[in-house]
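Here the structure comes first, spelled out in structure tokens, and everything after it is commentary.
Protein chains: 2
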Amino acid sequence: MKNVFSVFLVLLSVLGVSAQEFQSPNGAFKMSFSLGNDGTPMYQLFLNNKEVIKKSKLGLELQKDKKSLLNDFKVVDTKQSTFNETWQTVWGEETKIQNHYNELMVKLKQNETDREIIVRFRLFNEGLGFRYEFPEQKNLIYFVIKEERTEFAMTGNHTAFWIPGDYDTQEYDYTESKLSEIRSLFKSAVSENASQKQFSDTGVQTSLMMKSADGIYINIHEAALINYSCMHLNLDDKNFVFQSHLTPDAKGNKGHIQAPSVSPWRTIIVSKDAREVLASRMTLNLNEPCKIENTSWIKPVKYVGVWWEMITGKSSWAYTEDFPAIQLGVTDYSKAKQSAKHAANTKHVKEYIDFAALHGFDGVLVEGWNEGWEDWFGHEKDYVFDFISAYPDFDVKGIHEYAKSKGIKMIMHHETSGATRNYERHLDKAFQFMKDNGYDAVKTGYVGNILPLGEHHYSQSILNHYQYVTEKAAEYKIMVNAHEAVRPTGICRTYPNMIGNEAARGTEFQAFGGSKANHTTVLPFTRLMGGPMDYTPGIFEMDIAKLNPGNNSHCNTTIANQLGLYVVMYSPLQMAADLPENYNRFLDAFQFIKDVPVDWSTSKYLEAEPGYYITTARKDKNSNNWFVGNVNGLNKRTSTISLDFLEKGKKYEATIYADANDAHYKTNPQAYKITKQKVTSKTKLQLTTAAGGGYGISIVEVK
Amino acid sequence: MKNVFSVFLVLLSVLGVSAQEFQSPNGAFKMSFSLGNDGTPMYQLFLNNKEVIKKSKLGLELQKDKKSLLNDFKVVDTKQSTFNETWQTVWGEETKIQNHYNELMVKLKQNETDREIIVRFRLFNEGLGFRYEFPEQKNLIYFVIKEERTEFAMTGNHTAFWIPGDYDTQEYDYTESKLSEIRSLFKSAVSENASQKQFSDTGVQTSLMMKSADGIYINIHEAALINYSCMHLNLDDKNFVFQSHLTPDAKGNKGHIQAPSVSPWRTIIVSKDAREVLASRMTLNLNEPCKIENTSWIKPVKYVGVWWEMITGKSSWAYTEDFPAIQLGVTDYSKAKQSAKHAANTKHVKEYIDFAALHGFDGVLVEGWNEGWEDWFGHEKDYVFDFISAYPDFDVKGIHEYAKSKGIKMIMHHETSGATRNYERHLDKAFQFMKDNGYDAVKTGYVGNILPLGEHHYSQSILNHYQYVTEKAAEYKIMVNAHEAVRPTGICRTYPNMIGNEAARGTEFQAFGGSKANHTTVLPFTRLMGGPMDYTPGIFEMDIAKLNPGNNSHCNTTIANQLGLYVVMYSPLQMAADLPENYNRFLDAFQFIKDVPVDWSTSKYLEAEPGYYITTARKDKNSNNWFVGNVNGLNKRTSTISLDFLEKGKKYEATIYADANDAHYKTNPQAYKITKQKVTSKTKLQLTTAAGGGYGISIVEVK
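Line order of the protein sequences matches chains H and F.
Heads up, the first sequence is in my numbering, so the first residue is 1 and it goes up one at a time.
Heads up, the second sequence is in my numbering, so the first residue is 1001 and it goes up one at a time.
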């Protein structure tokens, strides 16, 4: 009977009628799986019966094997199923998330090799996820990926919001262009970074946000990127077909796999409404449920820090200017002259603690507290930090006690300088040192070239390192906020102690020459599709020269835009990044930062157009209060929103922090107006947003 | 005044009269340092006024810098000094070692760059050591070595005992040839290995042993190889000039240096008498004194082990044949069928413990005790072992208690499969596990390609790993015996817990097809110049098919040769490698292995010719007894020795374990004769040694 069935399937395949079709739960999406004449697996996606992904090939090219997993396949089994459950978040944009999809499992056997792979497709109401699975079998155990050959064939010359594909940085400004224009714009889209390596003039990163000529929004990314290499997209710009391009290891290979194993999910979110892209929880849903049993110690954090003053160049991380280079354990800091610029000194840190306590923040981050900053960067130095030796002017115990007495949590900083082996060697002691001194959260950093030499920030082996740190931190009940690590793919569902990530161009670049004024109208459609970002908003002084006369950068936003970011750019970890002295100049505006929560029970996306504007409303997890944030792009615009998300019949007072009429990110960024008004679910608001502007609204129930 | 001095030196240099000369303490050696016309540093070495190293260039080619450290130098300072001290060994061939040398320090400044380097030369009575030093300075802090360009210019077409230069293995058979013949013999000198990468058809490894046509023995090696890449020698076979060739990292670079720093010492031992090469302690003397304060826990060890039966293929490391591949923590061994070949089972281990206790051994090594051996090799598998999870049939606690009750120490085995990151991740827990279960010593292994990918067994970063393991082990008071790690360079003086190393073709190759019958007449002149080897002698059954019918290998020595190895091949860690059942067949010969010590108060080299024969006498550290060992090469030979090293006036009984007259390594390897005779310091002995033969003599004082 088994043989008869196989013959039947082979016949179907030969006859070209082997296509498998299935639909999303709401029927909007239809996906078709088929085999080409040479047995190449392919998929095709339709939204409301209109093709949105053309027939696209699936498969993997192998390095050592004679025959790759590209063709010569027959279908040996298929299975369709439905899944629908609602799960509870530890933190997030919502307390509950529905995970509802239809699934098609296709088991393929390669005729010549007798090898089996599975392609598992899941259709959600907002798009498609699929992955490769390599089941346990005799003929496919260990293999090396030369390249994954997954295609995403576009239906036309879409508009894209893209950054250059790079093995070592994600910190580029977004470029908006037609797909056909990427090649000519590529070089100008690459800006300098501490480590970088592009691979193709049409290579771009995920999450990639696109819009078709007829107004369909398409977002391509990946989910559950564990024990695999990070995927980029390489565009065939004649045919508008993207092909997966994995990050290589030091030997140029793209992944070492041992079956049984699975690839990450490749995700395609498609909608006629950009707001639905923001509302999608597909990335989280395609990750495994939480693996941390007791999550009571994981808490969202609002914080200030000894940081922006170093980023701007006003202060320094380094303790001394005496040494051009140092050796840990050999260099005697007690004999060095303290630099007047060293910010992480006990007195100054206590000022930050006082400020944090006065204004109700949870934590204080301090960078530059530990030995090694004199030559930490650019030397591929192995033993660069030990993560436990404080500079002479940083009193670990005293600061801990002082912070504790004020109800403030200190936030640890572990810059690795990319030296992953050195960090792993010190990890246990570093985490124990944190626990001994009252630190529950750590900001990690991976600035510069990766050690081991030849590896990249996004290669399989280094992703394995980030994952190792996250899991080891969980053992110590430590929350992690990784900077310069790989872009998130929803793993925070499985390991919610990963409360932050950078992995994109953050606010720091406003002090490194500035970012485009519409940058944050793109980020939620790209970087944030995989998880929250430690964007570090809250800059009130846009003229960086005011902090450091030698730095002529300008922060290309208005103050009102900065406030809007606290709602638009969801994160359970939010910084007020500017200096206390700048907040003290604008305490009325600062009030919004003080009031805005960092954890939510639900979120609504009121307006959205990538590159142009986003307006988001969120309900506080611990009250009935709502907060609305808007960020606006390059042109002045009127934002029109309805407050129909408010509970009917209830009364609220809204405090609106908006751009002044003459505000402008470049010429008049500090012009805002604060107004109060009574609102209900029937209220509609019209608010003018400046170029590079925005607004924040707090809506408090009146009882 | 300073300027005048500089000008003076420059003038000297320009005039070509800047040569600096100095002599060894005994006046036998003279070394001359000079600068070429273009400011290239050079040295030249004479023994008894005869040139033994022709004028040879010194310098380093840099990777990133515009100008390398090769020429354009002037001498800015020189200093001569003398050093003479005697230091105490923790273990060794002698209890006390004299460190006596004259030193010439030459400080060079590069005209264009204002960079300073120092070349420090030390002339001992048996040869020359020199190294590069990079002092702290403004213009040379971080640099990357493209290649070290140290030359060793030979005076003629010497005979060499060489193995192919390789970044990943040292386990080749030695080839004896003229330097001019290396190129044509190179390919045939390369045999298969689990990991290997040659770089040149005239590339060879150090320590390289040579003999000139006029009978001068020359040995080139390095000492104190720490935080640098391992040196090979690449031969210009037209001019007989060797140039240093360092092991590259994953990017192809040869070393990342931060000044202040020093290179390893380059060593050249030269003598008219081959025995003086064996007697040299230059390599140890060029290392730093012991850095371990309390060394009372470091003890030489004689051991047996569950090992040879796996090497021969009689038994297996793997617990089961059920799984083609396993995942640690996922694979359920409790459901697997135990292989009948799995040797590391509790019952069998206890038999080894009984045997060890019965015959007075210190320890028992067990390999294959821990989960992961089913697919441990050849897959570049990252999480390959965890070093703490025992197979179901290996009762860690029970074995510990049983061994303890018998006065036996268990010896741990950590095979890393080359996955250095994985080993470091588990190191603390693995060492703690050892201490918790009574293990004081570990045999480590690095079979297969190194992870991180692209690195090599002998690159700077991986040498750093071995060093890290040694130092971490010292923290736990654990002794280390590293296999497949880099060849020793005397670091055991500084870290005497490094009691063993393999780093050459050991006895195991006798079960992998066999080694040349004169192999062990070469090893003491090559591999052992850097420190002791865990050669694992003591094979009594030479026909490997007797153990495993599928293995037709032959151990190419006689039993008497195997006994001689315990004296000739000095090691504080000596194994009796064969199976108990084979020793039980030859208990009279086994008596020598039982009697021979593993620590000595003094050593005498009675006869020596590399490739042909070595006869060594050593005095037990803990008694007045002496032991003599001989290994012989390919031809039957009469060994004539005088026992004049015995204390005058004292009487001794000698037990002589010699080849029978008709013994032959191939045709009659088990033919030995044991005789006893009274001896004194006046006794002379003539002993016939078979092809591939040898002898062992125990000389016990008669009171």
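Heads up, the beta-carbon is just placed ideally off N, CA and C, and yes, glycines get one too.
With 9 Å as the threshold, decide whether the Cβ of residue i is near any Cβ in chain H.
i	result
F:His1158	no
F:Gln1020	no
F:Asp1534	no
F:Leu1451	yes
F:Asp1428	yes
F:Asn1294	no
F:Asn1464	yes
F:Asp1375	yes
Mind reading off the beta-carbon distance from residue i to residue j? Whole number of angstroms is fine, and I expect it under 8 Å.
i	j	result
F:Met1209	F:Phe1540	No, F:Met1209 and F:Phe1540 are not in contact; Cβ-Cβ is about 29 Å, not under 8 Å.
H:Ala482	H:Phe431	Their Cβ separation, rounded to whole angstroms, is 14 Å, which puts H:Ala482 and H:Phe431 out of contact at 8 Å.
F:Gly1514	F:His1554	5 Å
H:Leu565	H:Pro532	12 Å between Cβ atoms; not a contact.
F:Met1723	F:Pro1669	Nothing about residue 1723 of chain F can be read from this structure; chain F reaches only from 1001 to 1703.
F:Asp1440	F:Trp1297	7 Å
Indicate whether at least one CB of chain F lies closer than 9 Å to the CB of residue i.
i	result
H:His379	yes
H:Gln327	yes
H:Glu455	yes
H:Ile141	yes
H:Ser461	yes
H:Asp166	no
H:Tyr468	yes
Name the DSSP bridge partner or partners of residue i?
i	result
H:Ser603	H:Arg618
H:Lys678	H:Glu653
H:Ile411	H:Leu365, H:Ala441
H:Gln205	H:His232
H:Pro41	H:Leu35
H:Asp659	H:Tyr672
H:Leu646	Answer by DSSP bridge pairing: none, since H:Leu646 is not bridged.
F:Met1575	F:Tyr1303
F:Trp1626	F:Lys1619, F:Ile1699
H:Tyr613	H:Glu609, H:Asn632
F:Phe1083	F:Tyr1101
H:Met310	Bridge partners of H:Met310: none, in fact.
H:Thr283	None; H:Thr283 has no bridge partner.
H:Phe22	H:Met31
The ligand MG heavy atoms versus the CB of residue i: any closer than 8 Å?
i	result
H:Pro496	In terms of ligand content, the structure shown is empty, and the ligand MG therefore cannot be addressed.
Flag residue i as yes if its beta-carbon sits less than 9 Å from any beta-carbon of chain A, otherwise no.
i	result
H:Asp382	Within the model displayed, chain A is absent; protein chains H and F are what it includes.
Could you name the residues of the region 1113–1139 of chain F whose beta carbon sits closer than 7 Å to any beta carbon of chain H, in the order they occur along the chain? Close to chain H, meaning a Cβ-Cβ distance shorter than 7 Å, are the following residues of the region 1113–1139 of chain F: Lys1138.
What are the residues of the region 1230–1263 of chain F that lie near chain H, defined by any Cβ-Cβ distance shorter than 7 Å? So the close ones are Asp1249, Ala1250, Lys1251, His1256, Gln1258.
Under 8 Å (Cβ pairs) to chain H, residues found in the region 1390–1424 of chain F: The region 1390–1424 of chain F vs chain H, Cβ under 8 Å: Arg1421, Glu1424.
Taking only beta carbons into account, state which residues of the region 1311–1335 of chain F come closer than 8 Å to chain H, listed in chain order. Listed in sequence order: Pro1324, Ala1325, Gln1327.
What residues from the region 1336–1361 of chain F come within 9 Å of chain H, judged by C-beta to C-beta, listed N to C? Result list empty, no residue passes.
If contact means a Cβ-Cβ distance below 8 Å, which residues of the region 558–584 of chain H contact chain F? Cβ contacts with chain F come from no residue of the region 558–584 of chain H.
Any chance you could list the beta strand (DSSP E) runs of at least 3 consecutive residues sitting entirely within the region 471–555 of chain H, in chain order? Complete beta strand (DSSP E) runs here, min 3: 479–483, 498–501.
Please give me, in chain order, every unbroken run of the alpha helix (DSSP H) with length at least 4 that falls completely inside the region 337–365 of chain H. With a minimum length of 4 residues, the continuous alpha helix (DSSP H) runs that stay inside the region 337–365 of chain H are 346–358.
If you scan the region 1087–1152 of chain F from start to end, which runs of the beta strand (DSSP E) of 3 or more residues do you find wholly inside it? Contiguous beta strand (DSSP E) elements confined to the region 1087–1152 of chain F occur at 1096–1110, 1116–1124, 1127–1134, 1142–1148, taking only those with 3 or more residues.
Which complete alpha helix (DSSP H) runs does the region 1417–1469 of chain F hold, if anything under 4 residues is left out? For the alpha helix (DSSP H) assignment, the uninterrupted runs of no fewer than 4 residues enclosed by the region 1417–1469 of chain F are, from N- to C-terminal side, 1420–1436.
Beta strand (DSSP E) segments (min. 3 residues) lying fully within the region 1244–1279 of chain F: With a minimum length of 3 residues, the continuous beta strand (DSSP E) runs that stay inside the region 1244–1279 of chain F are 1256–1258, 1265–1271.
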